[in-house]
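Chains as they are written, first to last, in my numbering: chain A, 1 to 294; chain B, 295 to 653.
Glycine residues also receive a C-beta, built at the ideal position from the N, C-alpha and C atoms.
Nothing here was measured: the structure is a model prediction, and the numbers come from that model.
Just below is one structure, and these are the notes that go with it.
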């Protein structure tokens, strides 16, 4: 079969999938792009063409900048903490000890729970009247009186980050654990004979095998953390005083609460662009890591 | 003082005993090969010496100091692994110097040692590369360099040539022999390849089921195998083993009227009626004019294989398989019945029940 007919056949085979993708992704995307250049409301008229006004207003608004900062803080701290916790948990679960299999299964539980369940659980833990955290901290003397962890701007974001970490570190741990099991036994043995201590062994022997899978986890988690919505919506709805408002919440509020579809569309596209840039940077990192360990 | 003393080493996994009391004493500069098939316990013994596995009993001393319970890095050993076990993200230079780096040897001293080792192994041009950019043979040289650079009292090699192709294996084997002759290091080397064992070792320990079947020089192991297992394991093709019974005249082969007259050295060991196994190496067989020539075997030829340097004949003597290695130009063909003679000195005799050598 010639190359040309092979190409034709390949396109023909892909055509149904392409048609579906254009229908469910391409068309809404194009519609959103079109909408973002108008002052359309969610209901009512189609709106007037306003050029790049929506983009200029969004990018120069203080609420967008504040929200971008909040989102970045949330993403960076939670992903960083998840990476550390995940790797530590994987190193622990890679040791030989009684009950390891049970512990491995239990560890997956927070990640396996639906986000809404996880968020509700943490709202109960943080509850200012009967929450377990307040009870525990007052009983061990670290707290004088019960606090509203989610109700104070100073503690709300940190409380959310902890809840998000608890839910997502098992994913990193699972990926790291799989990578740890791929570290050749001979290399670990060679490092023991060479006199490498635990830290040097981690740095020179284990980390090169962890780097690739961890970058994949980092890509996935950063993108997810950057567009986080559900856990925050259930726990704080972006409050108090917008202190936990992330970009996705802002998009929702703009498009649906304030019913500004045009402005909401431009904001959504900005978020999409930011995530795409992140994905491209990480894809580059993954390629580079794959090249260096080949 | 011995460089390495292994005293009654045992290893058990639950009810399974994989090492059943190993005793070996190694002088400085010796090249000991632990030879055996998979699961015989040779790698377990090496790992115990290295400190990568714990012994269930016994003692190991290096330079007179007991090393059981001592961390691998403090045992004064270096190890070369079958898979090379190079650190993939470090350059060849850092791989070789890694052990010295971990021991906080000053940079200048470390650099000198790495350069010397690289020169010795002729890998100076590879120092800036990473393991992924090297061929199998080059990786193995780096792995050997990593062990050599530390100048330990004992070197441990765990099947280091197994991952190389046949040609490279032979070249690296010669290189190892040259290094051992030049440096006079004490080496414990694990392999299942009897050619490696014969060519490299100053002594071979043939292992089976967690025990040493025979410990001796390559010549002793090859010329005077202590058991039927050793006789069959060392030598390629393996020794011919023919079942028979001792009679007044010699050994009568099963299913045949052929009687092999026993040399005087077997007279006391072989009493009439005793079931025995008679051994002759394939390379000890030569063409004989007649079966009347004694001792000789009348072989019906089934397969003729020319390997290049020799002609390998496989046939049967009254149903029992016999192999002979002859000069390549020998004119023999399938279906012929040919008499093969051998010297009396080439004859080995084993008790059929205990499988121990007689005489």
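Separation of residue j from residue i, as counted between CA atoms
i                      : j                      : result
residue 466 of chain B : residue 493 of chain B : 12 angstroms
residue 75 of chain A  : residue 33 of chain A  : 26 angstroms
residue 26 of chain A  : residue 7 of chain A   : 23 angstroms
residue 362 of chain A : residue 70 of chain A  : Residue 362 of chain A is absent from the model: chain A starts at 1 and stops at 294.
residue 51 of chain A  : residue 274 of chain A : 21 angstroms
residue 533 of chain B : residue 386 of chain B : 44 angstroms
residue 544 of chain B : residue 582 of chain B : 20 angstroms
residue 345 of chain B : residue 189 of chain A : 9 angstroms
residue 89 of chain A  : residue 98 of chain A  : 16 angstroms
residue 358 of chain B : residue 323 of chain B : 15 angstroms
residue 224 of chain A : residue 257 of chain A : 23 angstroms
residue 5 of chain A   : residue 24 of chain A  : 29 angstroms
residue 489 of chain B : residue 417 of chain B : 27 angstroms
residue 321 of chain B : residue 483 of chain B : 15 angstroms
residue 302 of chain B : residue 361 of chain B : 14 angstroms
residue 243 of chain A : residue 126 of chain A : 17 angstroms
residue 446 of chain B : residue 103 of chain A : 42 angstroms
residue 160 of chain A : residue 230 of chain A : 11 angstroms
residue 240 of chain A : residue 150 of chain A : 8 angstroms
residue 635 of chain B : residue 603 of chain B : 21 angstroms
residue 570 of chain B : residue 414 of chain B : 52 angstroms
residue 13 of chain A  : residue 167 of chain A : 40 angstroms
residue 10 of chain A  : residue 3 of chain A   : 10 angstroms
residue 396 of chain B : residue 195 of chain A : 6 angstroms
residue 437 of chain B : residue 371 of chain B : 14 angstroms
residue 77 of chain A  : residue 66 of chain A  : 17 angstroms
residue 382 of chain B : residue 214 of chain A : 17 angstroms
residue 294 of chain A : residue 179 of chain A : With a pLDDT of 44 at residue 294 of chain A, under the threshold of 50, the predicted position of this residue should be treated as unreliable, though the coordinate-derived value follows. Cα to Cα, the separation comes out at about 15 angstroms.
residue 156 of chain A : residue 236 of chain A : 8 angstroms
residue 485 of chain B : residue 491 of chain B : 7 angstroms
Three-state class that DSSP yields for residue i in the structure shown
i                      : result
residue 636 of chain B : coil
residue 6 of chain A   : helix
residue 314 of chain B : strand
residue 481 of chain B : strand
residue 368 of chain B : helix
residue 381 of chain B : coil
residue 347 of chain B : coil
residue 488 of chain B : helix
residue 436 of chain B : helix
residue 98 of chain A  : coil
residue 248 of chain A : helix
residue 398 of chain B : coil
residue 471 of chain B : helix
residue 321 of chain B : coil
residue 288 of chain A : helix
residue 195 of chain A : coil
residue 360 of chain B : strand
residue 452 of chain B : strand
residue 427 of chain B : helix
residue 108 of chain A : helix
residue 353 of chain B : strand
Neighbourhood of residue i by C-beta, 7 angstroms cutoff - its chain only, sequence neighbours within 5 removed
i                      : result
residue 35 of chain A  : 261, 262, 265
residue 609 of chain B : 593, 594, 595, 596, 616
residue 300 of chain B : 316, 317, 318, 354
residue 177 of chain A : 90, 93, 94
residue 434 of chain B : 378, 454, 458, 466
residue 508 of chain B : 500, 515, 519, 520, 521, 524
Beta-carbon proximity list for residue i, same chain, < 8 angstroms, skipping 5 on both sides
i                      : result
residue 394 of chain B : 403, 404, 407, 408, 443, 444
residue 637 of chain B : 578
residue 334 of chain B : 501, 502, 503, 504
residue 347 of chain B : 305, 338, 341
residue 424 of chain B : 382, 383, 384, 385, 386
Contacting residues, own chain, Cβ-Cβ under 6 angstroms from residue i (five flanking each side not counted)
i                      : result
residue 606 of chain B : 599, 619
residue 128 of chain A : 146, 148
Mind listing, in chain order, the continuous alpha helix (DSSP H) runs of no fewer than 4 residues lying wholly within the segment 510-551 of chain B?
-> 512-517, 522-527
Whole alpha helix (DSSP H) elements within the segment 111-182 of chain A, 4-residue minimum = 115-126, 132-139, 153-180
Contact list for the segment 170-198 of chain A against chain B, Cβ threshold 7 angstroms = 184, 186, 187, 189, 190, 192, 193, 194, 195, 196
Using a Cβ-Cβ cut-off of less than 7 angstroms, give me the residues of the segment 198-216 of chain A that come near chain B, in sequence order.
-> 200, 204, 205, 208
Mind checking the segment 354-371 of chain B against chain A and listing, in chain order, the residues whose C-beta falls within less than 9 angstroms of any C-beta there?
-> 365, 366, 367, 368, 369, 371
Beta strand (DSSP E) runs contained entirely in the segment 560-645 of chain B, provided each spans 3 or more residues = 569-574, 590-600, 605-611, 614-620, 631-635, 642-645
Near-chain A residues of the segment 307-334 of chain B (beta-carbon distance less than 8 angstroms), N- to C-terminal order | none
When Cβ atoms are compared, which residues of the segment 386-399 of chain B fall closer than 7 angstroms to chain A?
-> 392, 393, 396, 397
Counting only runs of 4+ residues fully inside the segment 9-85 of chain A, write out the alpha helix (DSSP H) ranges in chain order.
-> 27-36, 53-60
Could you name the residues of the segment 513-533 of chain B whose beta carbon sits closer than 8 angstroms to any beta carbon of chain A, in the order they occur along the chain?
-> none
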